[in-house]
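According to mature numbering (1 follows the signal peptide of the UniProt record, and there is no 0), the stretch in the sequence shown is residues -20 to -1, 1 to 192, in order.
By construction, the Cβ of each residue, glycine as well, lies at the ideal position given by its N, Cα and C atoms.
Here the structure is laid out as C-alpha coordinates; the discussion comes afterwards.
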Amino acid sequence: MRRVLLCFLTLILLLPAASALRNPSAVYCEAMGYNYVIFSSPYGDVGKCVLPNGEAVNAWDFYRGVVALEYSYCAKQGYEAKHVEREDCKSCLVCVLPDGREVEVAELMGLSFEETTCGDGVCGIPENYSSCPQDCSSGEEDGYCDAVKDGICDPDCTKGEDADCAENLEGGATTVTATTITPSEVKRTPGFEALEVLAALALVLAVSRRRI
(Lines of atoms letter the chains of each structure in order from A and count residues from 1; the text may use other names and numbers.)
(Lines give C-alpha, C1' and ligand atoms only; values in the text may rest on other atoms or scores of the structure.)
Protein backbone atom coordinates (compact mmCIF):
# COMPACT_ATOMS: atom_id res chain seq x y z
CA MET A 1 0.00 0.00 0.00
CA ARG A 2 2.85 2.39 0.86
CA ARG A 3 4.48 1.72 -2.50
CA VAL A 4 1.25 2.60 -4.29
CA LEU A 5 0.94 5.85 -2.35
CA LEU A 6 4.58 6.69 -3.04
CA CYS A 7 4.06 6.16 -6.79
CA PHE A 8 0.90 8.25 -6.61
CA LEU A 9 2.67 11.21 -5.00
CA THR A 10 5.65 10.92 -7.35
CA LEU A 11 3.43 11.06 -10.44
CA ILE A 12 1.64 14.13 -9.10
CA LEU A 13 4.96 15.93 -8.64
CA LEU A 14 6.04 14.98 -12.16
CA LEU A 15 2.85 16.25 -13.77
CA PRO A 16 3.12 19.64 -15.52
CA ALA A 17 1.27 22.50 -13.92
CA ALA A 18 -2.33 22.51 -15.04
CA SER A 19 -3.04 25.36 -17.43
CA ALA A 20 -5.52 27.93 -16.24
CA LEU A 21 -8.42 28.14 -18.64
CA ARG A 22 -10.26 31.33 -19.55
CA ASN A 23 -14.00 31.61 -20.04
CA PRO A 24 -14.59 30.62 -23.71
CA SER A 25 -17.61 32.91 -24.03
CA ALA A 26 -15.57 35.90 -22.81
CA VAL A 27 -12.66 35.03 -25.10
CA TYR A 28 -14.95 34.79 -28.13
CA CYS A 29 -16.78 38.04 -27.31
CA GLU A 30 -13.52 39.98 -26.90
CA ALA A 31 -11.96 38.36 -29.97
CA MET A 32 -14.86 39.77 -31.97
CA GLY A 33 -14.00 43.24 -30.68
CA TYR A 34 -17.08 43.44 -28.47
CA ASN A 35 -17.20 44.26 -24.76
CA TYR A 36 -17.64 41.46 -22.24
CA VAL A 37 -19.31 42.62 -19.04
CA ILE A 38 -20.61 40.89 -15.94
CA PHE A 39 -24.08 41.72 -14.65
CA SER A 40 -25.24 40.87 -11.14
CA SER A 41 -28.62 39.23 -10.74
CA PRO A 42 -30.57 37.59 -7.88
CA TYR A 43 -29.36 34.26 -9.27
CA GLY A 44 -25.70 35.25 -9.41
CA ASP A 45 -23.34 36.94 -11.86
CA VAL A 46 -24.09 36.63 -15.57
CA GLY A 47 -21.58 37.32 -18.33
CA LYS A 48 -22.93 39.30 -21.26
CA CYS A 49 -21.52 40.40 -24.59
CA VAL A 50 -22.36 43.94 -25.68
CA LEU A 51 -22.97 43.98 -29.43
CA PRO A 52 -22.35 46.92 -31.80
CA ASN A 53 -26.05 47.81 -31.66
CA GLY A 54 -25.82 48.26 -27.89
CA GLU A 55 -27.70 45.08 -27.04
CA ALA A 56 -26.24 42.98 -24.23
CA VAL A 57 -26.83 39.29 -24.85
CA ASN A 58 -25.95 36.26 -22.75
CA ALA A 59 -22.30 35.61 -23.61
CA TRP A 60 -22.64 31.83 -23.58
CA ASP A 61 -25.71 31.94 -25.83
CA PHE A 62 -23.80 34.19 -28.24
CA TYR A 63 -20.77 31.89 -28.23
CA ARG A 64 -22.96 28.85 -28.88
CA GLY A 65 -24.82 30.58 -31.69
CA VAL A 66 -28.18 30.62 -29.95
CA VAL A 67 -28.59 34.38 -30.38
CA ALA A 68 -27.33 37.23 -32.57
CA LEU A 69 -25.98 35.12 -35.43
CA GLU A 70 -25.74 38.23 -37.58
CA TYR A 71 -22.95 39.51 -35.29
CA SER A 72 -21.03 36.22 -35.23
CA TYR A 73 -17.59 35.58 -36.67
CA CYS A 74 -19.16 33.43 -39.37
CA ALA A 75 -21.39 36.25 -40.58
CA LYS A 76 -18.53 38.77 -40.54
CA GLN A 77 -16.47 36.47 -42.74
CA GLY A 78 -19.34 35.93 -45.18
CA TYR A 79 -20.08 32.36 -44.04
CA GLU A 80 -23.43 30.94 -43.04
CA ALA A 81 -23.74 30.87 -39.24
CA LYS A 82 -25.50 27.90 -37.75
CA HIS A 83 -26.26 26.60 -34.26
CA VAL A 84 -25.92 22.82 -33.97
CA GLU A 85 -26.22 20.18 -31.29
CA ARG A 86 -23.96 17.17 -31.76
CA GLU A 87 -21.69 14.82 -29.82
CA ASP A 88 -18.37 16.61 -30.33
CA CYS A 89 -19.54 20.00 -29.08
CA LYS A 90 -22.98 19.36 -27.53
CA SER A 91 -24.27 22.85 -28.40
CA CYS A 92 -22.14 25.14 -30.54
CA LEU A 93 -21.86 27.65 -33.36
CA VAL A 94 -20.45 26.40 -36.65
CA CYS A 95 -19.53 28.23 -39.82
CA VAL A 96 -20.59 26.64 -43.09
CA LEU A 97 -17.64 26.99 -45.47
CA PRO A 98 -18.00 27.32 -49.27
CA ASP A 99 -17.19 23.61 -49.68
CA GLY A 100 -20.03 22.66 -47.34
CA ARG A 101 -17.90 21.80 -44.32
CA GLU A 102 -19.22 22.86 -40.92
CA VAL A 103 -16.41 24.06 -38.64
CA GLU A 104 -16.82 25.03 -35.00
CA VAL A 105 -16.21 28.76 -34.65
CA ALA A 106 -13.47 28.57 -32.01
CA GLU A 107 -11.51 26.11 -34.15
CA LEU A 108 -11.89 28.23 -37.28
CA MET A 109 -10.75 31.36 -35.43
CA GLY A 110 -7.87 29.52 -33.80
CA LEU A 111 -8.96 30.64 -30.34
CA SER A 112 -7.01 29.49 -27.31
CA PHE A 113 -8.67 29.39 -23.91
CA GLU A 114 -5.42 28.98 -21.99
CA GLU A 115 -3.94 31.91 -20.13
CA THR A 116 -1.22 33.59 -22.18
CA THR A 117 1.86 35.60 -21.23
CA CYS A 118 3.81 38.04 -23.35
CA GLY A 119 6.93 36.43 -24.72
CA ASP A 120 5.60 32.87 -24.97
CA GLY A 121 5.59 33.01 -28.76
CA VAL A 122 1.81 32.87 -29.05
CA CYS A 123 -0.31 35.90 -29.91
CA GLY A 124 -3.22 35.18 -27.61
CA ILE A 125 -6.03 37.26 -26.20
CA PRO A 126 -5.68 39.94 -24.86
CA GLU A 127 -2.29 40.48 -26.56
CA ASN A 128 -1.88 42.53 -29.73
CA TYR A 129 0.89 44.25 -31.72
CA SER A 130 0.79 47.27 -29.40
CA SER A 131 0.85 45.44 -26.05
CA CYS A 132 3.11 42.55 -27.04
CA PRO A 133 5.02 42.94 -30.34
CA GLN A 134 7.19 39.97 -29.31
CA ASP A 135 4.26 37.62 -29.92
CA CYS A 136 2.03 39.58 -32.30
CA SER A 137 3.41 40.72 -35.64
CA SER A 138 2.39 43.76 -37.68
CA GLY A 139 -0.58 43.11 -39.93
CA GLU A 140 -1.71 40.12 -37.90
CA GLU A 141 -5.39 39.75 -37.00
CA ASP A 142 -5.20 40.54 -33.29
CA GLY A 143 -8.01 43.03 -32.70
CA TYR A 144 -5.66 46.02 -33.05
CA CYS A 145 -5.10 48.26 -36.09
CA ASP A 146 -1.37 49.05 -36.09
CA ALA A 147 -1.51 50.94 -39.45
CA VAL A 148 2.20 50.28 -39.99
CA LYS A 149 3.31 51.02 -43.56
CA ASP A 150 4.76 47.62 -44.42
CA GLY A 151 2.85 46.56 -47.53
CA ILE A 152 0.45 44.44 -45.48
CA CYS A 153 -3.19 45.42 -45.15
CA ASP A 154 -4.04 44.97 -41.47
CA PRO A 155 -7.39 43.09 -41.30
CA ASP A 156 -8.18 44.84 -38.00
CA CYS A 157 -8.25 48.29 -39.65
CA THR A 158 -11.38 49.90 -41.01
CA LYS A 159 -11.48 51.74 -44.33
CA GLY A 160 -8.92 54.56 -44.44
CA GLU A 161 -7.01 53.58 -41.27
CA ASP A 162 -4.22 51.60 -42.96
CA ALA A 163 -2.54 53.18 -45.99
CA ASP A 164 -1.47 49.73 -47.14
CA CYS A 165 -5.10 48.75 -47.63
CA ALA A 166 -5.72 51.77 -49.86
CA GLU A 167 -2.54 51.04 -51.84
CA ASN A 168 -3.57 47.43 -52.28
CA LEU A 169 -6.78 48.60 -53.88
CA GLU A 170 -4.75 50.74 -56.27
CA GLY A 171 -2.32 47.91 -56.98
CA GLY A 172 0.67 49.81 -55.58
CA ALA A 173 1.60 47.55 -52.70
CA THR A 174 2.63 43.96 -52.38
CA THR A 175 -0.33 41.66 -52.83
CA VAL A 176 -0.96 39.43 -49.86
CA THR A 177 -2.43 36.10 -50.87
CA ALA A 178 -5.34 35.06 -48.71
CA THR A 179 -5.10 31.60 -47.23
CA THR A 180 -7.92 29.35 -46.18
CA ILE A 181 -7.82 28.29 -42.57
CA THR A 182 -7.75 24.51 -42.34
CA PRO A 183 -9.35 23.16 -39.16
CA SER A 184 -6.66 21.55 -37.04
CA GLU A 185 -6.96 18.77 -34.56
CA VAL A 186 -8.14 20.07 -31.20
CA LYS A 187 -5.28 19.95 -28.71
CA ARG A 188 -5.92 18.66 -25.24
CA THR A 189 -4.72 20.93 -22.46
CA PRO A 190 -2.31 19.71 -19.76
CA GLY A 191 -4.99 20.41 -17.16
CA PHE A 192 -7.34 17.80 -18.57
CA GLU A 193 -4.52 15.28 -19.01
CA ALA A 194 -3.62 15.73 -15.35
CA LEU A 195 -7.20 15.03 -14.28
CA GLU A 196 -7.25 11.85 -16.35
CA VAL A 197 -4.05 10.61 -14.70
CA LEU A 198 -5.39 11.40 -11.23
CA ALA A 199 -8.61 9.53 -11.98
CA ALA A 200 -6.64 6.48 -13.12
CA LEU A 201 -4.50 6.56 -9.97
CA ALA A 202 -7.59 6.83 -7.78
CA LEU A 203 -8.94 3.69 -9.44
CA VAL A 204 -5.65 1.86 -8.75
CA LEU A 205 -5.80 2.85 -5.09
CA ALA A 206 -9.39 1.64 -4.78
CA VAL A 207 -8.49 -1.75 -6.25
CA SER A 208 -5.44 -2.04 -3.97
CA ARG A 209 -7.55 -1.39 -0.87
CA ARG A 210 -9.97 -4.15 -1.81
CA ARG A 211 -7.14 -6.66 -2.11
CA ILE A 212 -5.66 -5.76 1.28
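- Residue Gly45 holds the alpha-carbon nearest to the alpha-carbon of Cys69 among Gly13, Asp79, Gly45.
- With distances taken between CA atoms, Ala6 lies nearest to Phe42 out of Phe42, Ser20, Cys133.
- Judged by their CB atoms, Tyr23 and Ala86 are not nearer to each other than the 9 angstroms cut-off.
- Around the beta carbon of Ser20, a 10 Å sphere encloses fewer than 16 other beta carbons of the protein chains shown; the residue is thus reported as exposed.
- Take the alpha-carbon of Gly119 and the one of Asp142: they are about 10 angstroms apart.
- In this structure, the beta-carbon distance from Met12 to Tyr59 does not fall below 9 angstroms.
- Taking a 10 Å sphere around the C-beta of Glu95, we find fewer than 16 other C-beta atoms and assign the residue as exposed.
- In the DSSP assignment, the residues bridged to Gly24 are Ser21.
- For Lys62 against Val74, the beta-carbon gap comes to about 5 angstroms, under 8 angstroms, which counts as contact.
- The DSSP-derived three-state label of Glu10 is helix.
- One Cα belongs to Tyr109, the other to Glu67, and the distance between them is close to 37 angstroms.
- Glu120 carries a coil assignment under DSSP once its states are collapsed to helix, strand and coil.
- Spatial neighbours of Val64 in its own chain (CB-CB distance under 6 angstroms, excluding positions within 5 residues in sequence) are listed in chain order as Val74.
- In the three-state DSSP reduction, Lys62 falls in the strand class (E or B).
- Distance from Glu82 to Val76 at the Cβ level is roughly 6 angstroms; contact confirmed, criterion being Cβ atoms closer than 8 angstroms.
- For Pro135, the CB contacts under 6 angstroms within the same chain, skipping 5 residues up- and downstream, are Glu121 in chain order.
- In the structure shown, the three-state DSSP call for Cys54 is helix.
- As DSSP reads the structure, Asn15 sits in a beta bridge with Val30.
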